[in-house]
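Written below as structure tokens is the structure these notes are about.
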Amino acid sequence: GGVITDVSLLLPQAPSSVNVAMFGCDTFEKVIRTFRLARQSMGEIVSACEFMDRTCMKAVNEQLSLSSPFPDPHPFYFIVETSGSNQEHDMDKLEAYVGRVFEEGAADDGVLATSKDQAARLMALRENIAPALKQLGYNYKYDVSLPLGQMYSLVEKVRKVLQSVEGSHIGSYGHIADGDLHLNPISPRYSKAVLGMIEPFIYEEVAKLRGSISAEHGLGLKKANYLKYSKDSEVIEMMRTLKEVFDPNHIMNPYKLLPWK
Amino acid sequence: AVVSTQSTGVIDYAVKIRVRPDSLGVVTDGVKHSMNPFDENAIEEAVRMKQKKIVKEIVVASCGPSQSQETIRTALAMGADRGIHVEVPAGTDADLQPLAVAKIFSKLVEKEKPDLVILGKQAIDDDANQTTQLLAGMLDWPQGTMASVVNAADGRLTITREIDGGLEDISVSLPAVISADLRLNEPRYATLPNIMKAKKKKIEKMTPENLGVDITPRLKILNVVDPPVRQAGEKVPDVSTLMEKLKEKGHL
Numbered sequence: 001g002g003v004i005t006d007v008s009l010l011l012p013q014a015p016s017s018v019n020v021a022m023f024g025c026d027t028f029e030k031v032i033r034t035f036r037l038a039r040q041s042m043g044e045i046v047s048a049c050e051f052m053d054r055t056c057m058k059a060v061n062e063q064l065s066l067s068s069p070f071p072d073p074h075p076f077y078f079i080v081e082t083s084g085s086n087q088e089h090d091m092d093k094l095e096a097y098v099g100r101v102f103e104e105g106a107a108d109d110g111v112l113a114t115s116k117d118q119a120a121r122l123m124a125l126r127e128n129i130a131p132a133l134k135q136l137g138y139n140y141k142y143d144v145s146l147p148l149g150q151m152y153s154l155v156e157k158v159r160k161v162l163q164s165v166e167g168s169h170i171g172s173y174g175h176i177a178d179g180d181l182h183l184n185p186i187s188p189r190y191s192k193a194v195l196g197m198i199e200p201f202i203y204e205e206v207a208k209l210r211g212s213i214s215a216e217h218g219l220g221l222k223k224a225n226y227l228k229y230s231k232d233s234e235v236i237e238m239m240r241t242l243k244e245v246f247d248p249n250h251i252m253n254p255y256k257l258l259p260w261k
Numbered sequence: 262a263v264v265s266t267q268s269t270g271v272i273d274y275a276v277k278i279r280v281r282p283d284s285l286g287v288v289t290d291g292v293k294h295s296m297n298p299f300d301e302n303a304i305e306e307a308v309r310m311k312q313k314k315i316v317k318e319i320v321v322a323s324c325g326p327s328q329s330q331e332t333i334r335t336a337l338a339m340g341a342d343r344g345i346h347v348e349v350p351a352g353t354d355a356d357l358q359p360l361a362v363a364k365i366f367s368k369l370v371e372k373e374k375p376d377l378v379i380l381g382k383q384a385i386d387d388d389a390n391q392t393t394q395l396l397a398g399m400l401d402w403p404q405g406t407m408a409s410v411v412n413a414a415d416g417r418l419t420i421t422r423e424i425d426g427g428l429e430d431i432s433v434s435l436p437a438v439i440s441a442d443l444r445l446n447e448p449r450y451a452t453l454p455n456i457m458k459a460k461k462k463k464i465e466k467m468t469p470e471n472l473g474v475d476i477t478p479r480l481k482i483l484n485v486v487d488p489p490v491r492q493a494g495e496k497v498p499d500v501s502t503l504m505e506k507l508k509e510k511g512h513l
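These protein sequence lines are chains A and B, in that order.
Taken in order, the first sequence gives residues 1 to 261; the numbers are from the numbering used here.
Taken in order, the second sequence gives residues 262 to 513; the numbers are from the numbering used here.
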């Protein structure tokens with residue numbers, strides 16, 4: 001907890017050249033290869049790397065009528081966005097990258113947006129996943145970070161666990177550059193039984209892989225009691241001691257972050 | 262068929278336009294240019310016709326400075342077979358007006374002898390909506406403008422046109438000139454394999470002089486201004502005041 005006493009805004013110049021390419025990959029390993037090639041060939045202009053799976057693409061297609069740029073479905077999709085100051089340079093880099101991906105067979109299909117409208121439509125497929133998945137049922141939302149190679153293994157484990165639940169889905173997507181996975185197991189309605197099947201199972205699996213149970217959205221109220229899956233007890237006690245020093249009356253951001261005693 | 266992208270590429274329609282300080286045009290330097298949206302529809306239609314075997318070869322032509330090559334490459338990546346770049350020096354391309362473009366195209370038609378020319382209905386920079394009509398007149402060919410549906414049968418085309426009153430169906434014989442409207446189709450993305458193939462496709466270069474065309478502009482732009490700033494409205498406390506005000510301003 002804390003009190004904001006002053007704010008300054010550092011505003012960077014908006015990039016004049018923004019481009020988007022999207023790929024269809026038949027294995028997660030290909031997603032990783034395509035992603036790595038992006039970092040290698042275009043490092044400094046890459047502004048976003050996102051992946052999404054078939055369940056997410058199907059959801060945005062069917063629930064929100066946003067069409068896929070690919071005629072055939074793929075198990076995984078990878079989107080890369082570049083931002084820079086020189087359209088010609090950036091396009092050259094992007095075309096060279098796309099050429100490499102094609103030659104090395106790193107992806108199974110790909111498209112390049114040739115106008116701002118196309119770029120916006122490709123990004124919209126990723127940005128509308130959450131509302132689209134909501135239409136499929138109750139989403140138990142998890143936001144975890146994992147080592148790159150293990151990211152999808154967790155999804156497969158949860159899929160196995162939910163096999164017996166009728167009408168269940170599992171949609172996953174995320175900021176692959178940060179190793180961040182948004183995992184959305186879905187059941188037709190909220191069910192304590194289903195929740196029990198996946199939690200603390202997911203946190204235990206993440207801890208085994210030495211990932212973080214809360215990649216970007218913080219622990220807040222709901223995950224405070226799970227801090228133990230990311231930090232060991234001595235660290236937690238140290239955090240608690242520090243907080244006591246600054247907030248002996250527990251008035252700053254109560255019940256958040258630290259496990260409830 | 263011959264398809265055109267008409268221009269060098271226009272300022273991407275999603276970009277916010279700014280009027281130049283000298284009021285003679287809009288700022289184009291460093292601003293993202295993309296293919297004219299209606300030209301995208303035109304090329305997409307040509308590619309679909311080729312897929313349905315109505316058309317054998319798609320030649321895409323564009324008039325403008327060296328950046329036109331980019332729009333031609335995009336068209337090649339969408340499925341056109343070869344390109345023609347009619348090079349016009351940079352800086353003068355803003356003066357390339359519909360009449361000059363139509364003249365250039367009529368010379369290209371003489372050269373290439375296509376059965377069909379598909380253009381975008383208008384370029385979003387000047388919104389002229391003239392080139393197709395001028396070209397059809399020069400060639401003495403039938404025209405189907407603002408096409409939202411095109412079907413081919415027995416050497417004729419039936420075209421549905423979007424007009425102010427609704428939709429109009431016409432039938433034209435070939436050869437003909439068509440201009441594409443937004444609802445004609447959803448243009449495809451440039452796919453990886455096609456982007457690679459496009460690099461090997463030929464783009465022929467020539468100048469208006471090679472074609473014997475004088476592109477000197479006949480129209481001069483006097484002034485370009487922003488639309489007037491919207492004035493603040495006035496809030497009134499009740500209906501009787503509203504009626505008073507309306508009467509005052511002569512609206513009742």
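Glycine included, each C-beta is placed from N, C-alpha and C at the ideal position.
Which listed residue (the options) has its alpha carbon closest to that of residue i
i, options, result
"B/Phe366", "B/Ala408, B/Ser323 and B/Met457", "B/Ser323"
"A/Asp90", "A/Met151, A/Val158, A/Pro188 and A/Val46", "A/Val46"
"B/Pro436", "B/Trp402, B/Asp442 and B/Lys466", "B/Trp402"
"A/Leu183", "A/Val165, A/Arg189 and A/Ser214", "A/Ser214"
"B/Leu380", "B/Lys461, B/Ala397 and B/Glu373", "B/Ala397"
"A/Tyr142", "A/Asp92, A/Ile202, A/Gly179 and A/Trp260", "A/Ile202"
"A/Gly167", "A/Leu125, A/Tyr190 and A/Ser65", "A/Tyr190"
"A/Phe102", "A/Met52, A/His74, A/Lys30 and A/Pro75", "A/Lys30"
"B/Ala384", "B/Ala303, B/Lys460 and B/Val474", "B/Ala303"
"B/Val271", "B/Asp283, B/Leu285 and B/Asp290", "B/Asp290"
"B/Leu285", "B/Leu480, B/Lys510, B/Arg491 and B/Val497", "B/Leu480"
"B/Ile456", "B/Asp283, B/Asp342, B/Gln394 and B/Arg334", "B/Arg334"
"A/Tyr226", "A/Arg210, A/Leu257 and A/Cys25", "A/Leu257"
"B/Lys311", "B/Thr332, B/Gly325 and B/Asp342", "B/Asp342"
"A/Lys223", "A/Met197, A/Tyr255, A/Leu9 and A/Ala38", "A/Tyr255"
"B/Ala351", "B/Gly325, B/Thr477 and B/Gly473", "B/Gly325"
"B/Val321", "B/Arg491, B/Ala459 and B/Val497", "B/Ala459"
"B/Glu465", "B/His294, B/Ala413 and B/Glu348", "B/Glu348"
Beta-carbon spacing of residue i, residue j below 9 Å
i, j, result
"A/Ser115", "A/Val18", "no"
"A/Leu181", "A/Leu154", "yes"
"A/Ile129", "A/Tyr173", "yes"
"B/Glu447", "A/Ser67", "yes"
"B/Pro298", "B/Leu445", "no"
"B/Lys382", "B/Thr419", "no"
"A/Pro200", "A/Tyr229", "yes"
"B/Arg449", "B/Gly344", "no"
"B/Ala408", "B/Ser440", "yes"
"B/Thr468", "B/Ala338", "no"
"B/Pro359", "B/Gln391", "yes"
"A/Val7", "A/Met123", "no"
"A/Cys49", "A/Asp108", "no"
"A/Phe267", "A/Arg54", "In the structure displayed, chain A extends from 1 to 261; residue 267 of chain A sits before or after that span and is not available."
"A/Pro188", "A/Tyr138", "yes"
"B/Asp376", "B/Val316", "yes"
"A/Lys93", "A/Ser16", "no"
DSSP beta-bridge partners of residue i
i, result
"B/Leu377", "B/Ala437"
"A/Val3", "Note: A/Val3 sits in no beta bridge, so no partner."
"B/Thr319", "It is Ile, not Thr, that sits at residue 319 of chain B in the sequence shown. Note: B/Ile319 sits in no beta bridge, so no partner."
"B/His294", "B/Ile272"
"A/Phe76", "A/Cys25 and A/Asp53"
"A/Leu112", "A/Ala21 and B/Ala451"
Residue i - containing alpha helix (DSSP H), residue span
i, result
"A/His89", "Gln87 to Glu104"
"A/Asn61", "Arg54 to Leu64"
"B/Thr332", "Ser329 to Met339"
"B/Arg343", "Careful: B/Arg343 lies outside any alpha helix (DSSP H), inside the beta strand (DSSP E) at Arg343 to Glu348."
"A/Arg159", "Met151 to Leu162"
"A/Pro170", "A small correction: the amino acid at residue 170 of chain A is Ile; Pro does not occupy that position in the sequence shown. Element bounds for A/Ile170: not the alpha helix (DSSP H) but the beta strand (DSSP E), His169 to His175."
"B/Gly398", "Thr392 to Leu400"
"A/Phe253", "It should be pointed out that residue 253 of chain A corresponds to Asn in this sequence rather than to Phe. Taken as a continuous stretch (DSSP letters only), A/Asn253 belongs to no alpha helix (DSSP H), as it is neither H nor E."
"A/Ile236", "Ser233 to Phe246"
"A/Lys141", "Counting along the chain, A/Lys141 falls outside any alpha helix (DSSP H), and DSSP gives it neither H nor E."
"B/Ser501", "Val500 to Glu509"
Where the beta strand (DSSP E) through residue i begins and ends
i, result
"A/Leu125", "No beta strand (DSSP E) contains A/Leu125, which is instead part of the alpha helix (DSSP H) from Lys116 to Glu127."
"A/Ala21", "Ser17 to Cys25"
"A/Lys192", "Run containing A/Lys192: none in the beta strand (DSSP E); it sits in the alpha helix (DSSP H), Lys192 to Ile198."
"B/Arg417", "Arg417 to Ile424"
"B/Ala413", "Gln404 to Ala414"
"B/Lys466", "Ile464 to Met467"
### Task
For the stretch 477-486 of chain B and the stretch 365-384 of chain B, state whether three or more C-beta atom pairs, one from each stretch, are separated by less than 8 Å.
The stretch 477-486 of chain B is not in contact with the stretch 365-384 of chain B.
### Query
Per the contact definition of three or more C-beta pairs closer than 8 Å, is the stretch 45-63 of chain A in contact with the stretch 123-139 of chain A?
Taking 8 Å as the limit for Cβ pairs, the verdict is that the stretch 45-63 of chain A does touch the stretch 123-139 of chain A.
### At least 3 beta-carbon pairs within less than 8 Å: the stretch 28-41 of chain A vs the stretch 74-81 of chain A
Here the stretch 28-41 of chain A lies against the stretch 74-81 of chain A, with 3 or more beta-carbon pairs under 8 Å apart.
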